[in-house]
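The numbering used here numbers the first residue of the sequence shown as 7 and each following residue consecutively. Data first, discussion second: the structure below is written as C-alpha cells.
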Amino acid sequence: MIWTLFKKECRMLWKSLIFWLYILAVALFFFSQMGTITFEPKPQPEQEGSYGMKLSDKPEDQIQGALGNLAESYFHNSFTTAPIGFNKHVNLNDSEKQKVETILEEMTGLPIEDLQKDFDAWEEEQKVEMPDGSSVIKAGNYTLKPKGGLTYETFLKEMKEVCKILGPGSDFTAEAIKNSAVVEMTYEDALEEYHNLLEKDGLTGGYARLFCDYMGIILAILPVFVAVTREIRDKRAQMKELIYTRKASSFTILFSRYAALCFSMFVPVLLLTCHPLMECVSFGKGIDVDLHMSAFVVYSLGWLLPTILVVTALGMFFTELTGTAAGVLVQAAWWFLSLFSGEETMHGGQYGMNLIPRHNTEMNYAGFHDQFSQLLLNRIFYVVLALALVTGAAMIFEARRKGKWGNGKISRIRKRVRPASSATAGAR
C-alpha cells in the first residue's frame, strides 16, 4: 500500500508547477553562487601577495583584534550592531563615549592621544596611490596590543561593559571575539591546508563541504513551499473527503507523501553534484591525488538531506494543523534567523545547532574534523525533529478523519446537550 501511494504521490508532484519551479530555483542558485570552481595553485615560498587569512584561537590574537576593532569604531565614531541580522548604527552620547575611551586606555595602558596617533599612522599605511593620482584603502584589520599583564578574563569583563553600552548584536561578545580573530596565514599554514585538501579530503571532500554550505542556504527555505502547496492543493480540490474513506492508515498516507516530497526534492540536488565532481576529476588528472569519488553524495546525504527532511516536515505539520500556509511564514522566520546567526561561523568548524551549518571554504579540514561530532549531533537532531513533526501531522490527519477536526482547523470541543425526556419535562 505505501509503495503504491508513494509512486502516486511522486507522479502527482512531478506534474505540478511548483516542483519544476523548485528545481529551477535550486539550479539558478547553484550556478549563480557556486558555479565554476576556481582551484587554487600550490602555495610557493615567498610568493607575491598574501597566503590568505585564518581564524586564530590564540587569546592574544583575539585581544588585539577586538581592541583594534573597538579603537577603529571609536576614532571613526561609528559603532554598529546586528541584533536581528541587519546592521544598526549606534549613536553614543558623551558619557558613553567617555566610558569606551576609559576602557581603551585601561586595556592598552596608553592615553587616548597616543592611540589616536597610532591609528592615524596605520590608516596612512593602508593608502595606496593610483596612477591617476587618487588613492584607495587596502583591506586590513587594525590591531592593538594590550598592556602587559592583562589577563583574558579581565579583557572579557571589560568587553561585557562595551556590550552593555552598545546593546545586543555587537562585535564584542565572547563568541563574536573568537569568530573575528583573523590573522594572516604563513607559508607553512597555507601548505598544510593545501596538503589536507589533497591528501585527507581527496580534493572532492573540501569542495563537497563548500557545495553543502551554499546549497544548505536555499534548501532551508524552498522545500516548505513545495510541501505546503502539495497539502493545500488537496484541500482546495476537496480530495480530503475522498481519501478519508480509503483503507490506508493516516500514517501510511502522510508518510508516503512525505517520502515522495523528500525524495523528489533531493534527487535534483544529487544531480547538481555531478557538475563540481566532474570539475574535480578534470583538475585531479593533472596532479597526484586520490579522488574520493563518493564525497559529494556522502556529504549531501549527511548534510543536506536532514535540512530537506525537517523543512518539509514543518510545512506539512503546520498545514495540517491550520489548513493554511502558516508553515511558510514560520519557516521563513526560522530561515532568516538561522542565516544571519551563521554569519560568524562561515569559516567552518563551529556548527552548533544551527539549521544551516556553515563552512564557506574548501579548506579548514582541521576545523571540520575536530568538530565533526558537533555537526553529527546537529544533523541527527533535525532528522529526529522531522520525524516528530510528520508523526504529529499524521496524528492531526487521523483526528480529522474521525471528525475531531474541521476543514484543517482546530474545532472547539462542544458538549452535546441532550434534549430532556418527556418524563423529565413533565416532572418539571
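Think of the CB as a built atom: it goes at the ideal place given N, C-alpha and C, for glycine as much as any other residue. Model, not experiment: these values are computed from the prediction.
{"Asked": "Sub-8 Å separation of residue 273 and residue 306 beta-carbons", "Found": "no"}
{"Asked": "Closest Cα partner of residue 95 within the set 21, 304, 354 and 79", "Found": "79"}
{"Asked": "The alpha helix (DSSP H) enclosing residue 163, as first and last residue numbers", "Found": "158-172"}
{"Asked": "Proximal residues to residue 373 (C-beta, below 6 Å), its chain only, five neighbours per side dropped", "Found": "354 and 355"}
{"Asked": "Pairwise C-alpha distance: residue 264 and residue 283", "Found": "29 Å"}
{"Asked": "Helix, strand or coil at residue 46 [DSSP, three-state]", "Found": "coil"}
{"Asked": "Counterpart residues of residue 87 in DSSP-defined beta bridges", "Found": "94"}
{"Asked": "Straight-line Cα distance separating residue 219 from residue 42", "Found": "15 Å"}
{"Asked": "Alpha carbon of residue 205 to alpha carbon of residue 298, nearest angstrom", "Found": "10 Å"}
{"Asked": "Closest by C-alpha distance to residue 337, when choosing among 192, 25, 324 and 366", "Found": "324"}
{"Asked": "Proximity of residue 51 and residue 193 at Cβ, strictly below 8 Å", "Found": "yes"}
{"Asked": "For residue 295, the first and last residue of its enclosing alpha helix (DSSP H)", "Found": "Neither: residue 295 is in no alpha helix (DSSP H) and is coded neither H nor E."}
{"Asked": "Min CB distance residue 168 to chain D below 8 Å", "Found": "Among the chains of the structure shown, chain D does not appear; only one protein chain is present."}
{"Asked": "Minimum length 4: unbroken alpha helix (DSSP H) runs contained in the stretch 301-362", "Found": "301-305, 311-328 and 332-347"}
{"Asked": "Extent of the continuous beta strand (DSSP E) run through residue 121", "Found": "Where residue 121 is concerned, there is no enclosing beta strand (DSSP E), although the alpha helix (DSSP H) it sits in stretches over 118-132."}
{"Asked": "Rounded distance between the beta-carbons of residue 318 and residue 303, thought under 8 Å", "Found": "That pair is no contact at about 20 Å."}
{"Asked": "From 351, 308 and 340, residue whose alpha carbon lies closest to that of residue 187", "Found": "351"}
{"Asked": "Rounded C-alpha distance that separates residue 247 from residue 407", "Found": "Only weak support is given to the placement of residue 247: the predicted model assigns it a pLDDT of 46, under 50, and the question is left unresolved by the model."}
{"Asked": "Per DSSP, the bridge partner or partners of residue 60", "Found": "189"}
{"Asked": "Beta carbon of residue 106 nearer than 8 Å to that of residue 73", "Found": "no"}
{"Asked": "Residue environment, residue 437, which counts as buried when at least 16 other CB atoms sit within 10 Å", "Found": "Residue 437 cannot be examined here, being either before or after the span of the chain that is shown, 7 to 434."}
{"Asked": "When 49, 396 and 370 are compared against residue 234, the one with the closest alpha-carbon", "Found": "396"}
{"Asked": "Beta-carbon separation (whole angstroms), residue 222 vs residue 301, contact threshold 8 Å", "Found": "Not confirmed; about 16 Å, so no contact."}
{"Asked": "From 344, 293, 330 and 44, residue whose alpha carbon lies closest to that of residue 239", "Found": "330"}
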